[in-house]
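Asks: In order, the protein sequence lines correspond to chains A, B, C and D.
When we follow my numbering, the leftmost residue of the first sequence carries the number 1, and every step to the right adds one.
When we follow my numbering, the leftmost residue of the second sequence carries the number 1, and every step to the right adds one.
When we follow my numbering, the leftmost residue of the third sequence carries the number 1, and every step to the right adds one.
When we follow my numbering, the leftmost residue of the fourth sequence carries the number 1, and every step to the right adds one.
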Amino acid sequence: MADRRRINGPPGGTRPAVFASSLNTADTATGRPQRQRQFNELRKIFLKTGLIPSASGSAYLEYEPSASLAAARSSPKSLIPPSSALKLACTVHGPKPLPRSATFSPNLVLTTHVKYAPFAARKRKGHIRDSSERDLGVHLETALRGVIVAERWPKSGLDITITILEAEDDRWWGDAPDSHDAPWGMINVLAGCITAASAAIADARIDCLDLVAGGVAAIVSDESEDSEAKPKLMLDTDPAEHKAILSACVVAYLPSRDEITEIWLKGDCSRAMLGADDKRSGHDALIDGAVDAARGAHSVLAEAVRESAQRFVGLAAGAQ
Amino acid sequence: MVGPTATLTPLSRADGSASYRCPSTGSNILGSVNAPVELPARRDALRPEDATVEVFVKPGTAPGGVGERYIENVIKNMLAKLILGREKGYARRGVVITLATIGGESVGRGDSYLTLLPALIHTALLALLSAAVPLSMTFSATVLAVNASGEITREPSEKEAAAATSLHALAFSSKGHLLLNESQGAFDFDTWEKVHARALAICHGTLTRTSDGDVAMAEDVDGQPLEGTVRETVEDKLHQDYAWKTDAP
Amino acid sequence: MNKEASLSIAERDFILNALREDVRLDGRQADQFRPLTVSFGEEHGHVKVQLGKTSLVVRISSEVAKPRDDRPFDGVFTIALELTAMGSPAWENGRQGDLETYVINVLDRVVRHSNALDTESLCILKGVSCWNIRADVHITDYDGNLIDASCIGIMAGLQHFRRPDAVVKDGQVIVYGLDERVPVALNITHKPLSVTFHTFDEGKRVILDATRKEEQASEADVVIGLNNAGDVCYLSKFSGSPVDAMVFVNKSSVALEKVKQINGIIDKALQTDLAKRAKSGMAEESRAENDREIH
Amino acid sequence: MAQAAASAAQSAAPSLSLPPSQFARLQPHAYLLAHLSPPPATNQPSIRANGRAPSQFRVTSANTGSLTHTNGSAVVRLGDTTAVCGVRAEILHTEDIASWSVSRSTESSSAPTNKRRKLTDPTTKPNERIDSKDEDDNESHIQDFNLLVPNLSLSTGCAPGFIPGAPPSTLAQSLSHQILTLLHSTRLVRAEDLRIWYQPPNLGPEDLECHNENEQMDVDASQEDEKNKEIKAFWVLYIDVMIVSLAGNPFDAAWAAVLAALRDTKLPRAWWDVDNEMVVCSDAVSEARKLTLRGLPVSSSFCVFEADAASGWRAVVIPDAEEEKELDDSARKGNQRRWILADPDGYEEGLTQERICVVVDKEQGGKGKTVIQKLEKVGGWTADAKELKALVDISAQRWEDVRRILNEQC
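1) Reducing DSSP to helix, strand and coil, say where A89/D ends up.
2) Would DSSP call C151/C helix, strand or coil?
3) Under 7 angstroms Cβ to Cβ from D421/D, same chain only, skipping five residues before and after it: list those, please.
4) Should V47/C be labelled buried (16 or more other beta-carbon atoms within 10 Å of its own) or exposed?
5) How about A98/D: is its C-beta nearer than 8 angstroms to some C-beta of chain C?
6) Using the Cβ count rule (16 or more neighbours within 10 Å means buried), how would you classify C190/B?
7) Between L86/A and the rest of its own chain, which residues show a CB-CB distance below 6 angstroms, the 5 nearest in sequence each way excluded?
8) Is there a C-beta anywhere in chain B that falls below 8 angstroms from the one on K66/C?
9) When you compare the CB of R13/B with every CB in chain C, is at least one pair closer than 8 angstroms?
10) So, does the CB of A257/D fall closer than 8 angstroms to a CB anywhere in chain B?
11) To which residues of the same chain is I164/A closer than 6 angstroms at the C-beta, ignoring the five residues directly before and after it?
12) Extract the residue ranges of the alpha helix (DSSP H) inside the segment 133–186 of chain D, only unbroken runs of 4 or more that lie entirely within it.
13) Does the distance from the CB of E306/D to the CB of R355/D come in under 8 angstroms?
14) Pull up the distance between the alpha-carbon of S37/D and that of F23/D, whole angstroms please.
15) Against A100/B, what residues of chain C qualify as contacts under a CB-to-CB distance less than 9 angstroms, listed in chain order?
16) Check F119/A in the structure and name its three-state DSSP category.
17) Applying the criterion that 16 or more other CB atoms from any shown protein chain within 10 Å of the CB defines a buried residue, is M246/C buried or exposed?
18) Determine, for I128/A, whether the minimum Cβ-Cβ distance to residues of chain B falls below 8 angstroms.
19) Could one say the Cβ of D214/B lies closer than 8 angstroms to chain A's Cβ atoms, at least one of them?
20) Can you give me the start and stop residues for the alpha helix (DSSP H) that D241/B sits inside?
21) For Q184/B, count neighbouring Cβ atoms within 10 angstroms of its own Cβ and tell me buried if that reaches 16, exposed if not.
22) Under a CB-based cut-off of 8 angstroms, is P63/B close to chain A?
23) If you compare alpha carbons, which of A288/D, S301/D and A62/D is closest to D393/D?
24) Grab the span of the alpha helix (DSSP H) containing T101/C for me, first residue to last.
25) Over the uninterrupted beta strand (DSSP E) stretch that includes P99/A, give me the two end residues.
26) Using the three-state DSSP reduction, which class does H160/C fall into: helix, strand or coil?
27) Assign K268/C to buried or exposed, taking buried as 16 or more other Cβ atoms, counted over all protein chains shown, within 10 Å of its Cβ.
28) On the three-state DSSP scale, how would you describe I202/B?
29) Could you confirm whether any beta carbon from chain D is found closer than 8 angstroms to the beta carbon of G185/B?
30) Give me, in chain order, the residues of the same chain whose beta-carbon lies closer than 8 angstroms to that of V192/B; leave out the 5 immediate sequence neighbours on both sides.
31) Where D218/D and I231/D are concerned, what is the direct C-alpha to C-alpha distance, given to the nearest angstrom?
32) Kindly indicate which three-state DSSP category I45/A falls into: helix, strand or coil?
33) Quick one: is V66/B near chain A, going by C-beta distance under 8 angstroms?
34) At what residues does the alpha helix (DSSP H) containing Q50/C begin and finish?
35) Could you list which residues in chain C have their beta carbon closer than 7 angstroms to that of V102/D, in chain order?
36) Rounded to the nearest angstrom, what separates V291/A and L47/A at their Cα positions?
Listed below in structure tokens is the structure:
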């Protein structure tokens, strides 16, 4: 049934463009993008608060494009982008009174919404939230619920809305989905959501225990041409840059309390080849890696929140 | 040309209703008004000192869509300014206007409602009058098409509208104010001024000032001004309704 | 929401007590329909039905569409009904209520699922194009018995409607304008109509064509869908208190009589309209009656 | 008496300490009115609460091509209102169009869907023919087959009151519709840009190799070839606008974003692949082509602020149009009663009912005369012909500004 509240496309449906170069897999013109960073080097994060004045708090987050994407941008040859870089906007509305119909709550009621823009991913997204978007919303809520001092606002609600303008890829576009495949891009998106939401909540001056930051680590097996691939631990992986991601983990981490409010680990992490003196099990190493990545994101977050605070002080001074 | 025909209060259930037929555009609209009514579901959204006007447009042979929501908004904004929503009994209540296309072509996807707009707002006005909703003034409206050679056609048929370079729907209050203008298609301001003058003449007749400063109306090529049609429809209905009284010795 | 204000106890008792003495508020017999008028507009398939104080407008329209993938030989027929504040102030615009879904459901079963309109005859080119026939029901005044009135409107509309003629020439479909070739009538296989009964007093009193107030005072409703030949195509006892099985048996013969009667009224109205059209120089359209080519 | 005066003074004193931001919230109408009509003694200019002059627009910026997964994209900021627009092109095969193989025998102006393009007049040069065809009936393809699909979303947390995840509000729906009708009525996108042609080889099998090169709209192609050309598919443009931040005047921002994104849109070269029976595209940037848009329609919105907040309600005798004009002239000397504010922000939109929207374009890239594409006025009776003329002139000036801003991008 056609959606009566939107403008619908042709009733027969349309098909995404098929490129000649992807039809004959033998001669893929552009190869897989290569990771140019060290295994523990993070992508730069652009994070700015207060761009959306009508909201109580807001933040805009953008990942630095990977080397291959930056190259493709500066001198475009192919219309197929090699990879993509996360871009998202987060707004916080509240605390505000709960609707009349809601039941009594002694705490702040947190609602999270994550929605991809239709043009955010390689495949066009629908207008109605799908299961992965709802999943992200639930994960984000668990990540934030433990941080906010909720009892300070009884009978109130807090709406956190994230619009993803550009998402991370789940795999390199030339790869067929294989056994290791999972929506790896979602993991990166969640980390970005957590960091941005944290900045927006701070910008809305909601009391928090700490600045929660998101970080991603993954165990990947690629690069080596020989048949015996050595799975390695990498921080802040871009799924487009790896042939096979064995497992990945995202954490929401509170640095000053050394606590984790949300952890999401996927895949098989038992085969990680760590250093000789490293006695940690695979998943320990993975979580430690994700925490390290979160620490990195935290430094950016702290800077953005400081800016937000300065702006607020300036506003208050101006109002006097 | 054949002028529009209208009937007041054809329905029994609604507080007020009207049907309106415009032969040249082929549109036939049935409208109903329920006012004042309680709108319990929107208690939070109601303005405390004013009535809430709601307009619903139902296409004749297609499901409603975004186009209907848009034209509803236009009609609502126009009428909300005329309805005296702060009168006794109207504050915090709703004025619900429902307009259904029961004859003529439906509007396609991405097409404008311009050709139907005058019929819709005339129906809404008559239905409001039939429901005795207090209004600050009445109005009349028309739609004009300008074709490539600059010719102006009054109330164009579907074919004429499709061939036009620009379409203009205008509404004038009973006191001569420009209440609504919706123009689309390429045109320049001089054309619009011509259209404006013609539309004013259609709605109000040609205004001529007599020597003693009174404003008199004169009929011209466009026949009886539309303002008069609206007035006559209401007068006819009144005569009918009060026949028992007036005919009594 | 979308509920009529309920009857007062006094009003309800009044209706019930009167019924116990075989009296209805408008003076009808228990098995009597309200006065019915069916009239047609200028366009084909434009019907106005007035049943007592219940009135509605049905518009039938056609367009070329793609057939459904699983039924490449069939055309599409849809019945659209949306209750607006025009019919009753209790109905909210743009919100679907229980009554709306119920009425659509019954209409779908009586008219569409009984295959009153032969959808196979709507196919133009297998799997590529077919006619999409749409019946829009606009309820303009509501005073009970929506189902029967809508059924009458839709069936009359389908019989009155003429679609443009279409011809297939080497894979190319040519649709002729209404003024160019005589438009084609739809292929109606049979003429089913519904008759709605309402029961009172634990099923002891049964009336048909209830008004709005009688509907509100009733305990349960029974809908019987029949055609002229007496074939039952729909039978329902949807909700409310239990009804004796004999009611179905007894009332289906009453329903058959009513269906024949109403179909007679529709036929008469169609003929009058045809005569009127013939007079105004549109005589050739009548010849299209038997000219049903299936391409 | 003295006591009363003292208490009055006392009650007046604390009200002075009310900060402007509080006053703005408590008495929005009086606050804006006080800004617009300063006491004559102070010699202050009439200025809006946001510091702008009545006909001044907010600072506008545009940025295109920053989104990776789009054929064209733009971010337009109009003060604090931000619109992000992404254009995605997908392919519609003609076999998926139900009415494609249907033609009407009467050439009614509404839908002549001739499948094969036949030469109507072989004497005219192909070049001219395309242009003249282009200008008339074939443009209906865009509307008949829904080739442009704009949708605007406000459920992005852009302002309180729009519930995220809820279906589009009536505001979002009417904005989407306005964008669609404006795209249709300005005929901004050319249908020819969206067609994917196929030319069957007609000379022999040895020609098979080179037909790929030919079917790009080659005006030099022989007329023989032209005859057999056939439309196999269309590009459908999904134009999605996300209003990321809403602070009034969403339509101007959204339309500017759509315009900028369409100017940025590149479609890959596409051809019909006979073997696979599908449309295949080339990923080479050098072969992709930009849309050639018709003109540059720019939208400007205004609202009318009235000094008397309840003028519509009081049912005092409203002066008729003639008296109004005389009143207006006298108002020039004394107190002004209404102001037309350009590019209203959210605060001003909440205080006004009458809205005016003007869309203008200029012929020959700015050198020609001003063409109005849309003139909409609703919700009041203030603005009449004289005011509208002034607004069209302001919009023409605004057109220059917006063109400069958009051109800086490309």
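Heads up, the beta-carbon is just placed ideally off N, CA and C, and yes, glycines get one too.
Remember, predicted model here, so these are calculated numbers, not experimental data.
Replies: Reading it off the structure:
1) strand
2) helix
3) Shown here, chain D extends from 1 to 410; a query on residue 421/D therefore has no answer.
4) buried
5) yes
6) It is worth fixing the name first, because residue 190/B is Asp in this sequence and not Cys. D190/B is exposed by the Cβ-count criterion.
7) Y63, E168 and G192
8) no
9) yes
10) no
11) L88, Y116 and A120
12) 140–144 and 170–186
13) no
14) 16 angstroms
15) V57, T84, M86, H138 and T140
16) coil
17) exposed
18) no
19) Caution is warranted here: a pLDDT of 49 is assigned to D214/B, below 50, making its placement in the model unreliable, and the coordinate value is therefore given only provisionally. Judged by the 8 angstroms Cβ criterion, D214/B is not in contact with chain A.
20) L226 to D241
21) buried
22) yes
23) S301/D
24) D98 to L107
25) Neither: P99/A is in no beta strand (DSSP E) and is coded neither H nor E.
26) helix
27) exposed
28) helix
29) yes
30) It is worth fixing the name first, because residue 192/B is Trp in this sequence and not Val. Answer for W192/B: H168 and S183, listed in chain order.
31) Residue confidence is low: D218/D scores 45 on pLDDT, short of 50, so the model does not pin down where it sits. Its coordinate-derived value is still stated next. The alpha-carbon atoms of D218/D and I231/D are separated by roughly 14 angstroms.
32) strand
33) yes
34) It is not in any alpha helix (DSSP H) - Q50/C instead sits in the beta strand (DSSP E) that spans H46 to L51.
35) V64, S129, V173 and V175
36) 19 angstroms
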